[in-house]
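Residue numbers (our numbering), protein chains in the order written: chain V, 1 to 372; chain Z, 1001 to 1372.
Even for Gly, the Cβ is constructed at its ideal location relative to N, Cα and C.
All of these numbers come straight from a predicted model, not from anything done at the bench.
Number of protein chains: 2
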Amino acid sequence: MRAAPARIGDPVGAIDSPALVIELDAFERNLQAMAVFARTCGMHLRPHAKTHKCATIALQQMARGAVGVCVQKVGEALALAAGGVRDVFVSNEVIAAPKLARLAALPIDVRLAIAVDSVVGIERLAAAVQTAGRQIDVFVEIDAGQGRCGVAPAEAGALARQVVAHAGLRFAGLQAYHGGAQHLRGVAEREAAIHHAVALAVAARAAVTSAGMACPLITGAGSGSFMLKAASGVYGEIQPGSYVFMDADYARNAAAPHAPRFAHALFVKSQVVARHLAHAVVDAGHKSHAIDSGLPTVWGRELDFINGGDEHGVLRPRGSEALPALGETVWLVPGHCDPTVNLHDHLVAVRGGLDGGVVEAVWPVDARGRLD
Amino acid sequence: MRAAPARIGDPVGAIDSPALVIELDAFERNLQAMAVFARTCGMHLRPHAKTHKCATIALQQMARGAVGVCVQKVGEALALAAGGVRDVFVSNEVIAAPKLARLAALPIDVRLAIAVDSVVGIERLAAAVQTAGRQIDVFVEIDAGQGRCGVAPAEAGALARQVVAHAGLRFAGLQAYHGGAQHLRGVAEREAAIHHAVALAVAARAAVTSAGMACPLITGAGSGSFMLKAASGVYGEIQPGSYVFMDADYARNAAAPHAPRFAHALFVKSQVVARHLAHAVVDAGHKSHAIDSGLPTVWGRELDFINGGDEHGVLRPRGSEALPALGETVWLVPGHCDPTVNLHDHLVAVRGGLDGGVVEAVWPVDARGRLD
């Protein structure tokens, strides 16, 4: 494994490139703004840890009032629990019996929840928790418009009844999350998609009550939709992830009214390793940052980042901007924070800004590569 | 870190998904075909280890006649040297003095080479090798048409003279690599780009000899161009990487005449975790496979893989193909092998095919995440 790219107390200039750097002032303002928002709305905040995969950050979120975290993978749950997180919701379907056994074998003081969308999934889960002798909260996932996981709303009641047929499973409510809607640019189109998702959640809740059961909670909503779902009065819990860091993709979303604003807090530190007449080349390509939501943008300079492949980024100036010099630092804003974090073993946390700041902490990305 | 997804002797069915799986028969045929090709042409084969990042594979390549390997990063050189590789060419520019110091501090029995395209790079390199008391081979990189790293051919002679002005640096020749040309689909357009690159290499060699120096070697060429560069008679060394695994992107290249064929040997094992009326969902998204060169294809089935985000893939049938069942295994061919391997900690090597085979070895991806 790569050694940590910096030590506590290092000046920013000494951080080995490419490295993932958190600007702590912006990061903490982001944490605080979402905590205040959720508290003001009277909603549970359960941030998605798939974004940061870091127990230290999860614990900071919980210290500010989050009820726990979400993850997508059993391996993430194991890694965060090992780092001290005691309330984890696997907001995704798990079918492999060995994975369910590993999850159920977590210490009994780790409160667990999981999503299901099939009878097979429920039965395998029930077998695992029975073997482990524990209880688990179960959310029936509905397809909130994305066409990925989740049942149709009308099927939610029957699936909830399947859940409570097993002693170790507690029906905790519904999950209704529309990943694609997070990234619709305009407020109006995002609102339309979210209103549709909310209507589906309402229909699913009706199916649950028609089946003679209470629906304790509806959970969902990411960093692009939490404000709309909060306003609906239907959701009791929001699951935003990216707000802690933000990224170039979310920055392209128009801001919704009455929503808190978040600042870029995550950067890839890169260095110019080649410089020619009309372009410079930095040492960060798409092994350093994910490009599924577009290329990174260059922070604070009028430079275009052009795809240079796995290990390089090509920079071209816009207008009269000067090219950076050989050896100079260039700060990149990743297109998509979640898969970018997954490329790195460490998060270097800097206090005092990107120019002249000091490394205050180096956090391991505990669940990096935890695909399992 | 994730535990190994399988143990030696496990049946294929027991491999924990998602996992990166090598089909050993195809893999070894690929290794052998390139070794035979290079030997037949009388060329040095120096495979690019940025593809596999695995010392075990590098040593297998060298056992079949490769003179050593290329890497793009100092961290990769360190990781492979720690795994027993004794001849490493950093085919990329390095400017940071601490990185050059780490490279130069490698054991003296590791033969080292590096690319340069600036006087600053040469001077910093010279300082590092002087401190370490060693020698290093230096290749002057020319821009072979990609517009990334490398000087214009006419400047190659002056830069070569700068190299030999330093006691610890040996001018080893020219690097002329055109990454983009590897992926031109048609043979004719790929030939045109490579002929241009070869012409630039010839011009650079002339500049070196005009400066009163010999040019011992011209190195370059990837898995899409090695056969063309070999035919040129100008290159003495080829650097193909992807041929060991192949990927969906290289499969879209038309085959060049007289070139060996390579088979898909790298797969992501995924599992269906949700299944609905018209689609199924597998547990592999773009944290499991890189999508910079397109989405994965589904191996052996008429299914389209649709982007389901970081942790999911959505499958839709073509024609009358049946949807896979909940819990079923689906084999994916990654769009681009290099950054896909970098997402995994282990390579699971299977003998006897993807259906019914057995795990013969589990290799660590030694240089995974070595961005440094």
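Taking C-beta atoms as the reference points, A1193(Z) and H1183(Z) fail to come closer than 8 Å. Pairing D1137(Z) with R1170(Z) gives a Cβ-Cβ distance under 8 Å. Among the residues of chain V, none has a CB under 8 Å from the CB of A1221(Z); the nearest is roughly 16 Å distant. Of the candidates Q1060(Z), G1121(Z), I1122(Z), R1148(Z), the residue whose Cα lies closest to the Cα of L315(V) is R1148(Z).
The continuous stretches of beta strand (DSSP E) do not include I194(V), which lies in the alpha helix (DSSP H) extending over residues 187-210. For A1256(Z), same chain residues with a beta-carbon under 6 Å away, outside a window of 5 residues either side, are V1187, M1227 in chain order.
When DSSP assignments are scanned along the region 284-368 of chain V, the uninterrupted stretches of alpha helix (DSSP H) that are 4 or more residues long and fall wholly within it turn out to be 337-341. Counted as a single uninterrupted DSSP element, the alpha helix (DSSP H) harbouring T56(V) occupies residues 55-63.
Using beta-carbon distances, H166(V) does not count as an interface residue toward chain Z, since no partner is under 8 Å.
Contact between the region 1075-1093 of chain Z and the region 1101-1120 of chain Z is present, with at least three C-beta pairs closer than 8 Å. A check of alpha carbon separations from H286(V) across L1343(Z), A1265(Z), A1144(Z), R1134(Z) identifies L1343(Z) as the nearest. Distance from the CA atom of T1131(Z) to the CA atom of K1099(Z), rounded to whole angstroms, is 13 Å.
Contact residues of the region 67-95 of chain V toward chain Z are Q72, K73, G75, A79, N92, E93, V94, I95 (C-beta to C-beta distance below 9 Å). Beta-bridge pairing by DSSP links G173(V) to F139(V). Membership of D249(V) in the alpha helix (DSSP H) is indicated by the continuous run 248-251. A1265(Z) carries a coil assignment under DSSP once its states are collapsed to helix, strand and coil. Restricting attention to R1029(Z), V1272(Z), M1246(Z), the CA atom closest to the CA of G1335(Z) is found in M1246(Z).
Just measuring C-alpha positions, the residue of A1214(Z), C1070(Z), V1350(Z), H1195(Z) sitting nearest A1019(Z) is V1350(Z). Within the same chain, V272, L315, L323, P324 come within 6 Å of A280(V) by CB-CB distance, once the 5 residues on both sides are set aside.
Any Cβ of chain V closer than 8 Å to the Cβ of I1238(Z) would place that residue at the interface, and such an atom is absent. In the structure shown, D1117(Z) adopts coil according to DSSP, grouped into three states. Here F1027(Z) carries a helix assignment [DSSP, helix/strand/coil]. Taking 8 Å as the upper bound for CB-CB distance, V359(V) and A81(V) are not in contact here, some 27 Å apart. For P1005(Z), at least one C-beta of chain V is nearer than 8 Å to its own C-beta.
Nearest neighbour of V234(V) by Cα position, chosen from A221(V), S242(V), A211(V), turns out to be A221(V). In the DSSP assignment, no residue is bridged to Q239(V).
For S1118(Z), the nearest beta carbon of chain V is closer than 8 Å to its own beta carbon. Our two residues, A128(V) and R1086(Z), have alpha carbons roughly 48 Å apart in a direct line. When secondary structure is reduced to three states using DSSP, Q271(V) falls in the strand class. Neighbours of G309(V) in chain Z, taken as residues at a C-beta separation under 7 Å, are given in chain order as G1179. When DSSP states are grouped into helix, strand and coil, H183(V) belongs to the helix group.
Rounded to whole angstroms, A278(V) and H1276(Z) show a C-alpha spacing of 52 Å. Close partners of C1149(Z) in chain V (Cβ separation under 9 Å): V273, A274, H276, V281, G308, H312.
DSSP places F245(V) outside both helix and strand once states are collapsed to three, so it counts as coil. When C-beta distances to chain Z are compared with 9 Å, the residues of the region 9-20 of chain V below that value are A14, D16, S17, P18, A19, in chain order. Interface annotation, M1001(Z): in contact with chain V, CB-CB separation under 8 Å.
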